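Residue numbers (the working numbering), protein chains in the order written: chain A, 94 to 308; chain B, 85 to 188; chain C, 6 to 233. The structure appears below as structure tokens.
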Amino acid sequence: MRCGQAQRLMTSAVDDELGPRRRRALDHHLAACDACRREIAATGTVLDAVARLPAEVLVSARLEQATLRRLRITASEGGSRHERVPWWRSASLPALALAAAAVLALAVGLRQFDVMSPGPANLAPGSAAKRGGQAPPQHRVPSEATPARVARQARPTVGEPPREPPAELASAPDLFMDLPILRHMEKLEHFDAIRTTTLDEEPGPSDGQQERSNG
Amino acid sequence: MRRRAALLLLLLPLVATPAGAQGWRAWDQLSPEEQRRAWDNFQRYQQLPEQRQRMIERRYQQFQTLPPQEQKRLRQNYEAYRGLDPGARREFTEKYRRWKSDRH
Amino acid sequence: MASAGVRGNVRGKVMQMRTAPGDPALAAAARADAAARAAADPDVALMLRLQAGDESVFQELFRKFAPRVLQLARRFVGSDAQAEELTQDVFVQIFRFRNRYKPQSRLTTWVFTIATNLCLNELRRPERHLRVDLWERRDGEDHPEGPPLPDPAAVTPEEGAATRELADQLREAVAALPPKQRMALLLSRVDGLAYRDVGEAMGCSEGAVKALLFRATQTLKQSLRDFL
């Protein structure tokens, strides 16, 4: 074993995280190398000093009360899965005011405009048949396909959500609603920078040094 | 009837306000469409390797703590990203790879 | 002490129970397994009570973990106020993600996964890129890291002088480390997580943890050469 390799193993060795084979190899090297023995001693000293840094700090009663209050509010916002919270109870005051204004504007506007109710995207008769007659288990193909039923079947869904969603889903529904955003988060955070990146052979003009990765 | 449908349409965005504006929402507070979307995504998520699931959880935690304007910006960028045609999407992916390699 | 007795006590790898949603047989097996673990481990019992809706658990959880979470946060953000807000965020996330906790995981690791994620995320925001000496003494503050808890291993004044100088130099050196190296070092050495658990908390492999720690240690040895 060379000194460079030995040095790379020293932190793990001091932390007792080396496997037995590598430990033996390191010990064998240390037996014959003064410099590495001094180096591992220095590693131990540094890591022991780090370990003496305080792991805890006193937490004020104020912080405890504020956190518990916030947790209770969060718990009550979530509510029971069995209890349906009317939308207006969960909306903030500005949202309610906006809703009221919107209702008023709508009432005025409806006098002048013919508002079309939304229709299903695909009303083509026989669209279910075009898909080979395969319907999701929850949707049996009726003999007469009404527009609403055909539309439901045409949607590429895995199925209707269960009345009682699994706990994982119920505890963080926004996570799953926003799954596509989370999957592409880095791209979305730096969207503009990526769009203006050049793909020429020559590197594009840069403002300064390249960023170094953290650690 | 038509007016009622239009009213519902108009008020739906207020019910389905992004989490960043109203805070975290419970299952019962989602619209039926949102519940379906969440359910579909949940099933896809279940199929992911555990490592990837944890990465998504981490990102969700990060996303939750972003200011509302930043969450809104990401949602807008997602809409723009979704609106790219296949050619533009391919180009964007190439640029993303280039941008990533330039950072490291 | 947090770091004592924990090193090397590596739990098994988290088992992913890939159940189809609503599979009753596997769910029953999971419940039985959780009950057994709860009987053996008070942390697991705590989380199972939280998952069952017992809000009295909040205070217990907070008092158990907040001192460490707050200390970690103080080492990554620019002010005590931000560290406290971050600490609150951690506990809110613990609550929201309570159903993601699996009894096969160590609760400490799970809590630190959330704390690590939020701490490192704070640093990714543009406004956080200002260089802040986080552990610089604030006005009127005797202890830059906040009032410490009583230290049963306190040294004599004579021994303390040299130790304090090393400690001061060390704090500066650790604060100057890149965030991921700093996090890996603090989690493993101060909070006593095994490398595998550090990897789990940071979302990286054990090999990556070793690489981070190697680089961190090399940098610290260089900074503290005069004391070694």
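Think of the CB as a built atom: it goes at the ideal place given N, C-alpha and C, for glycine as much as any other residue. Computed from a predicted model, the values in this text were never measured in an experiment.
Please list the partners that residue i has in chain A, where partner means a Cβ-to-Cβ separation under 8 Å.
i, result
"tyrosine 200 of chain C", "Ser105, Asp108 and Glu110"
"alanine 71 of chain C", "Val152, Leu156, Glu157 and Thr160"
Would you give the residue range spanned by the alpha helix (DSSP H) that residue i belongs to?
i, result
"serine 105 of chain A", "96-107"
"glutamate 134 of chain B", "134-148"
"aspartate 94 of chain C", "85-101"
"tyrosine 106 of chain C", "Where tyrosine 106 of chain C is concerned, there is no enclosing alpha helix (DSSP H), given that its DSSP letter is neither H nor E."
"glutamate 261 of chain A", "260-264"
"glutamate 282 of chain A", "278-282"
"proline 184 of chain C", "184-190"
"phenylalanine 176 of chain B", "170-187"
"arginine 230 of chain C", "From DSSP, arginine 230 of chain C is part of no alpha helix (DSSP H); its letter is neither H nor E."
"proline 151 of chain B", "Looking at the DSSP string, proline 151 of chain B is not in any alpha helix (DSSP H), and its letter there is neither H nor E."
"alanine 181 of chain C", "Segment: none, alanine 181 of chain C is in no alpha helix (DSSP H) and carries neither H nor E."
"leucine 292 of chain A", "Leucine 292 of chain A -> no alpha helix (DSSP H), and no H or E assigned at all."
Between the options, which has its C-alpha nearest residue i's C-alpha?
i, options, result
"glutamate 279 of chain A", "B:Tyr129, B:Pro151, B:Arg143 and B:Asp169", "B:Arg143"
"phenylalanine 102 of chain C", "C:Asp85, C:Arg79, C:Ala57 and C:Pro72", "C:Ala57"
"aspartate 271 of chain A", "B:Arg136, B:Asn125 and B:Gln131", "B:Asn125"
"aspartate 285 of chain A", "B:Tyr162, B:Gln127 and B:Arg109", "B:Tyr162"
"arginine 109 of chain B", "A:Met103, A:Ile287, A:Ala142 and A:Leu262", "A:Leu262"
"leucine 128 of chain C", "C:Ala45, C:Asn104 and C:Ala78", "C:Ala78"
"leucine 114 of chain B", "A:Glu170, A:Arg276 and A:Gln98", "A:Glu170"
"asparagine 104 of chain C", "A:Pro258, A:Arg95, A:Ala154 and A:Ala106", "A:Pro258"
"arginine 131 of chain A", "A:Asp293, A:Met103 and A:Arg145", "A:Met103"
"aspartate 127 of chain A", "A:Ile166, A:Gln100 and A:Phe269", "A:Gln100"
"aspartate 108 of chain A", "C:Ala34, C:Ser193 and C:Ala71", "C:Ser193"
"glutamate 118 of chain B", "A:Phe269, A:Arg256 and A:Arg114", "A:Phe269"
"leucine 123 of chain C", "C:Leu51, C:Leu182, C:Met188 and C:Arg36", "C:Met188"
"glutamine 137 of chain B", "C:Pro29, C:Thr222 and C:Tyr106", "C:Tyr106"
"phenylalanine 67 of chain C", "C:Val214, C:Val82 and C:Thr92", "C:Thr92"
"methionine 52 of chain C", "C:Ser110, C:Thr168, C:Ala180 and C:Lys215", "C:Ser110"
"arginine 276 of chain A", "B:Arg128, B:Gln153 and B:Lys179", "B:Arg128"
"proline 151 of chain B", "C:Ala37, C:Asn126, C:Pro29 and C:Leu218", "C:Asn126"
"valine 179 of chain C", "C:Thr168, C:Leu191 and C:Glu170", "C:Leu191"
"leucine 119 of chain A", "A:Arg95, A:Asp141 and A:Ile274", "A:Arg95"
"lysine 185 of chain C", "C:Pro29, C:Arg169 and C:Ala206", "C:Ala206"
"alanine 265 of chain A", "A:Thr290, A:Arg288 and A:Ala168", "A:Ala168"
For residue i, name the three-state secondary structure that DSSP assigns.
i, result
"aspartate 127 of chain A", "helix"
"arginine 129 of chain B", "In the sequence on display, residue 129 of chain B carries tyrosine and not arginine. Of the three classes helix, strand and coil, the one that applies to tyrosine 129 of chain B here is helix, per DSSP."
"glutamate 253 of chain A", "coil"
"lysine 69 of chain C", "helix"
"glutamine 113 of chain B", "helix"
"glutamate 157 of chain A", "helix"
"leucine 209 of chain C", "Here residue 209 of chain C turns out to be cysteine, not leucine, going by the sequence shown. Cysteine 209 of chain C: coil per DSSP, three-state reduction."
"alanine 244 of chain A", "For alanine 244 of chain A, the predicted structure reports a pLDDT of 45, less than 50, and the residue's modelled location is therefore unreliable. A value from the coordinates is still provided. Helix, per DSSP."
"arginine 145 of chain A", "coil"
"glycine 225 of chain A", "The predicted model places glycine 225 of chain A with a pLDDT of 45, which falls under 50 and marks its position as unreliable; any figure quoted below should be read in that light. In the structure shown, glycine 225 of chain A sits in coil (DSSP, three-state: anything other than H, G, I, E or B)."
"serine 8 of chain C", "Confidence at serine 8 of chain C is low in this model, with a pLDDT of 42, below 50, so its placement is unreliable and no value can be given for it."
"valine 19 of chain C", "A caution first: valine 19 of chain C carries a pLDDT of 37, below 50, which makes its placement in the model too unreliable to give a value."
"aspartate 285 of chain A", "helix"
"serine 299 of chain A", "Reliability of the predicted coordinates at serine 299 of chain A is poor, the pLDDT of 49 falling under 50, and no value is obtained from them."
"threonine 114 of chain C", "helix"
"threonine 224 of chain C", "helix"
Starting from the beta carbon of residue i, find every residue of chain A whose beta carbon is closer than 7 Å, and list them in chain order.
i, result
"arginine 194 of chain C", "Leu140, Val143 and Ala144"
"leucine 31 of chain C", "What leucine 31 of chain C touches in chain A: nothing, since even the nearest Cβ is about 12 Å away."
"glutamine 119 of chain B", "Pro254"
"leucine 75 of chain C", "Val150 and Val152"
Can you tell me the Cβ-Cβ gap for residue i and residue j, rounded? I've got them flagged as a contact below 8 Å.
i, j, result
"leucine 233 of chain C", "alanine 135 of chain A", "4 Å"
"leucine 75 of chain C", "valine 143 of chain A", "Between valine 143 of chain A and leucine 75 of chain C the Cβ distance is about 19 Å, and since that is not below 8 Å, they are no contact."
"leucine 168 of chain B", "glutamate 282 of chain A", "Rounded, the Cβ-Cβ distance is 17 Å, inconsistent with contact."
"aspartate 59 of chain C", "leucine 112 of chain C", "That pair is no contact at about 15 Å."
"tyrosine 200 of chain C", "glutamate 110 of chain A", "5 Å"
"phenylalanine 117 of chain C", "aspartate 196 of chain C", "7 Å"
Which residues in chain B have a C-beta closer than 8 Å to the C-beta of residue i? List them in chain order.
i, result
"leucine 123 of chain C", "Gln145, Gln146 and Thr149"
"alanine 263 of chain A", "Ala110 and Trp111"
How would you list, in chain order, the residues of chain C whose beta-carbon sits under 8 Å from the beta-carbon of residue i?
i, result
"glutamate 141 of chain B", "Phe102 and Arg105"
"arginine 165 of chain A", "Glu60 and Phe63"
Starting from the beta carbon of residue i, find every residue of chain C whose beta carbon is closer than 9 Å, and list them in chain order.
i, result
"alanine 168 of chain A", "Gly58, Glu60, Phe63 and Phe100"
"alanine 99 of chain A", "Correct list: empty, because the minimum Cβ distance to chain C is about 12 Å."
Which chain A residues are close to residue i, counting only those with a beta carbon under 9 Å from its beta carbon?
i, result
"arginine 173 of chain B", "Those within 9 Å of arginine 173 of chain B in chain A number zero; the least Cβ separation is about 11 Å."
"lysine 226 of chain C", "Glu132, Ala135, Thr136, Thr138 and Val139"
"valine 179 of chain C", "Val143 and Leu146"
So residue i contacts chain C; which residues on that side make the cut at Cβ distance below 7 Å?
i, result
"arginine 138 of chain B", "Gly208"
"arginine 115 of chain A", "In chain order: nothing, as chain C lies at least about 11 Å away."
Given that residue i touches chain B, what residues does it touch there, using C-beta distances under 7 Å?
i, result
"threonine 290 of chain A", "Lys179, Arg182 and Trp183"
"alanine 260 of chain A", "By Cβ distance, chain B contributes nothing, its closest Cβ being about 10 Å from alanine 260 of chain A, past 7 Å."
"leucine 275 of chain A", "Ile140, Arg143, Tyr144 and Phe147"
Which chain B residues sit within Cβ distance under 9 Å of residue i?
i, result
"alanine 286 of chain A", "Trp183"
With 7 Å as the C-beta to C-beta threshold (strictly closer), list the residues of the region 84-100 of chain C near chain E in chain order. Absent from the structure: chain E. Protein chains present are A, B and C.
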